[in-house]
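Right, one structure below, let's go through it.
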């Protein structure tokens, strides 16, 4: 394909090009065929347990693996009006978890208002933080704000060593991340009996699958405690999905074919049964509805005949919808599986 389409100077062309690459990939069987062999096709939702809301693509970092293609130059931000539509939709469901993501979700000017609205409804809120925003100017009180509302923090930390983290996320990111983690610990996050949950996320730095979650969690806990006195609750391993910047990397480095083959070879039907899209609805910054955060980044809205915008939310129809799939879905079903809460199968 035309390599120039993979550059970041024309996002719509990039998304279209990436979808064509994934749809036409002949190196692996079509994902639907693998589902059919396990009597899982068509893949259908089992309900709506989690509301995942992307409040914007603005971020204070530019990470090499970012599937959102987020950064300081992104201007897509969810408005208060769209947030109100999301809350009205949430009220139609019994979903107990609201997963706030970005970009750096904290950078949305109405982030705190939205958090308070969700907490007032008695739902559990997850803030997917990049950590460094918590020590940025103007956000110094964010750790305390989150603690006061018992918000669960799930934070990305590519590795417990500086070199690997900075290679993926930029110079000095590790040092700022450690400062943020210490600040979170200081207000009680990750500490025994505090009730404040702090989870970390591990993404591989290259074209390979994550290791077993339990093993690397033990490594993180030992090394972060020994080197920095940091405590946290759980570590989630998340496979890099072949979209956006990571797909750019795979193609430009000649690793796309081998990586897709690696994902296909590791396909696990038990993981496919438990993919997060079956119990999640994903809402884009502009209110568009998606099966998952990854479909959102490929602009694959929910299927035909369903409402595609949160203003038209139909809880009953969306709770039993057929999931839109593609070969990028191999990323969530390889090995132990991958979801926003880490591995899903043994």
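In the working numbering, the protein residues as written are -12 to 333. All C-beta atoms in this analysis are idealised placements derived from N, C-alpha and C, irrespective of residue type, glycine included.
Helix, strand or coil: which one does DSSP assign to residue i?
| i | result |
| --- | --- |
| residue 379 | Absent from the structure is residue 379, since the part of the chain shown begins at -12 and ends at 333. |
| residue 300 | coil |
| residue 142 | strand |
| residue 231 | helix |
| residue 147 | coil |
| residue 321 | strand |
| residue 63 | coil |
| residue 33 | coil |
| residue 127 | coil |
| residue 295 | coil |
| residue 122 | helix |
| residue 217 | coil |
| residue 136 | coil |
| residue 19 | helix |
| residue 95 | coil |
| residue 316 | helix |
| residue 205 | helix |
| residue 14 | coil |
| residue 152 | helix |
| residue -12 | At residue -12, the pLDDT of 34 sits below 50, so the modelled position is not reliable and the matter cannot be decided from this model. |
In the DSSP assignment, what residue or residues form a beta bridge with residue i?
| i | result |
| --- | --- |
| residue 58 | 45 |
| residue 326 | 329 |
| residue 26 | Looking at the DSSP assignment, residue 26 forms no beta bridge with any residue, so it has no partner. |
| residue 38 | 85, 268 |
| residue 277 | 269, 288 |
| residue 309 | 31 |
At which residues does the alpha helix (DSSP H) containing residue i begin and terminate?
| i | result |
| --- | --- |
| residue 257 | 256 to 260 |
| residue 69 | 67 to 77 |
| residue 197 | That residue, residue 197, is in no alpha helix (DSSP H); it is neither H nor E in DSSP. |
| residue 176 | Looking at the DSSP string, residue 176 is not in any alpha helix (DSSP H), and its letter there is neither H nor E. |
| residue 99 | 98 to 107 |
| residue 252 | 243 to 252 |
Since residue i contacts residue j with CB under 8 Å, what's their CB separation in whole angstroms?
| i | j | result |
| --- | --- | --- |
| residue 309 | residue 16 | Contact flag wrong, Cβ pair sits at about 20 Å. |
| residue 99 | residue 139 | In fact, because the Cβ distance is near 16 Å, the residues do not count as touching under 8 Å. |
| residue 212 | residue 218 | 7 Å |
| residue 189 | residue 134 | The Cβ separation is near 24 Å, so there is no contact. |
| residue 90 | residue 142 | Going by Cβ atoms, the distance from residue 90 to residue 142 rounds to 14 Å, so no, they are not a contact pair. |
| residue 186 | residue 220 | 6 Å |
For the beta strand (DSSP E) containing residue i, name the first residue and the last one.
| i | result |
| --- | --- |
| residue 187 | 185 to 189 |
| residue 116 | 111 to 116 |
| residue 222 | 221 to 224 |
(message) With a threshold of 8 Å, are at least 3 pairs of Cβ atoms found where one atom belongs to the stretch 163 to 176 and the other to the stretch 102 to 119?
(response) yes
(message) Does the structure place the stretch 278 to 296 close enough to the stretch 194 to 210 that three or more beta carbon pairs sit under 8 Å?
(response) no
(request) Please determine if the stretch 221 to 228 and the stretch 315 to 324 are in contact, where contact requires at least 3 C-beta pairs separated by less than 8 Å. (result) yes
(request) Give a yes or no on contact between the stretch 35 to 46 and the stretch 85 to 98, applying the rule of three or more CB pairs nearer than 8 Å. (result) yes
(request) Say whether the stretch 175 to 183 touches the stretch 147 to 157, bearing in mind that this needs 3 or more beta-carbon pairs closer than 8 Å, one atom from each stretch. (result) no
(message) For the pair the stretch 234 to 251 and the stretch 66 to 73, tell me if three or more CB-CB distances fall below 8 Å.
(response) no
(message) Contact between the stretch 323 to 330 and the stretch 248 to 264 is defined here as three or more beta-carbon pairs at a separation below 8 Å; is this criterion met?
(response) yes
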